[in-house]
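In my numbering, the protein residues as written are 264 to 446.
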């Protein structure tokens, strides 16, 4: 069984467990953690994660972060200036985070998400170097009425998450769903 198949199996078990209706926003966040080398395999199986969610009598919505930076920057009125001098981008990265929160919020509304909906965020590796996943999750989790699942290419050890095995790991209380062992 591949690592992504095991992740799918563990996710399927987890999504079928009864959900607390009074859980706080940060208690409703799941991280599906996988080896960054498995990114293409994960994307090929996203439909199966959706199917597992639907088979558990839950709804599914998804948002792809992969091209979000390029889309945001292309629409920025000073884009040409940033292309010429990329070091200036640091001054506007908070605007990028606001853009993400707004577009994800629109996705939540468009999908008619309720307390029975899973919102899946994928393409999270594309945030590396721009904003921390933790910062985005802290802003988005309260907007999700059901569960927020973050497909996370990296590692998890002792409640520390490391995106793309980078050095800027952080401690976080999300529920980890891994591909290293069966649930």
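For each residue, glycine too, the CB sits at the ideal point set by N, CA and C.
Exposure label - residue i; buried when at least 16 CB within 10 Å
| i | result |
| --- | --- |
| residue 444 | exposed |
| residue 302 | buried |
| residue 332 | buried |
| residue 385 | buried |
| residue 338 | exposed |
| residue 380 | buried |
| residue 348 | exposed |
| residue 351 | exposed |
| residue 317 | exposed |
Between the CA atoms of residue j and residue i - distance to the nearest angstrom
| i | j | result |
| --- | --- | --- |
| residue 293 | residue 412 | 5 Å |
| residue 246 | residue 306 | The displayed coordinates of the chain run from 264 to 446. Any statement about residue 246 would go beyond what the structure contains. |
| residue 265 | residue 308 | 11 Å |
| residue 295 | residue 436 | 13 Å |
| residue 387 | residue 399 | 10 Å |
| residue 364 | residue 414 | 17 Å |
| residue 427 | residue 391 | 8 Å |
| residue 438 | residue 290 | 8 Å |
| residue 382 | residue 319 | 15 Å |
| residue 271 | residue 423 | 22 Å |
| residue 354 | residue 371 | 28 Å |
| residue 396 | residue 402 | 10 Å |
Option in the options with minimal Cα separation from residue i
| i | options | result |
| --- | --- | --- |
| residue 312 | 332, 289, 279 and 334 | 279 |
| residue 441 | 342, 350, 288 and 297 | 297 |
| residue 409 | 273, 284 and 277 | 284 |
| residue 287 | 404, 421, 380 and 369 | 404 |
Close beta carbons around residue i, own chain, < 6 Å, minus the five adjacent residues each side
| i | result |
| --- | --- |
| residue 335 | 359 and 362 |
| residue 275 | 315 |
| residue 299 | 416 and 427 |
| residue 367 | 326 and 403 |
Sequence-distant residues of the same chain with beta carbon closer than 8 Å to residue i, five excluded per side
| i | result |
| --- | --- |
| residue 342 | 336 |
Nonlocal neighbours in the same chain, by C-beta distance under 7 Å from residue i, ignoring five residues either side
| i | result |
| --- | --- |
| residue 393 | 332, 356 and 359 |
At least 3 beta-carbon pairs within less than 8 Å: the segment 370–383 vs the segment 306–325:
yes
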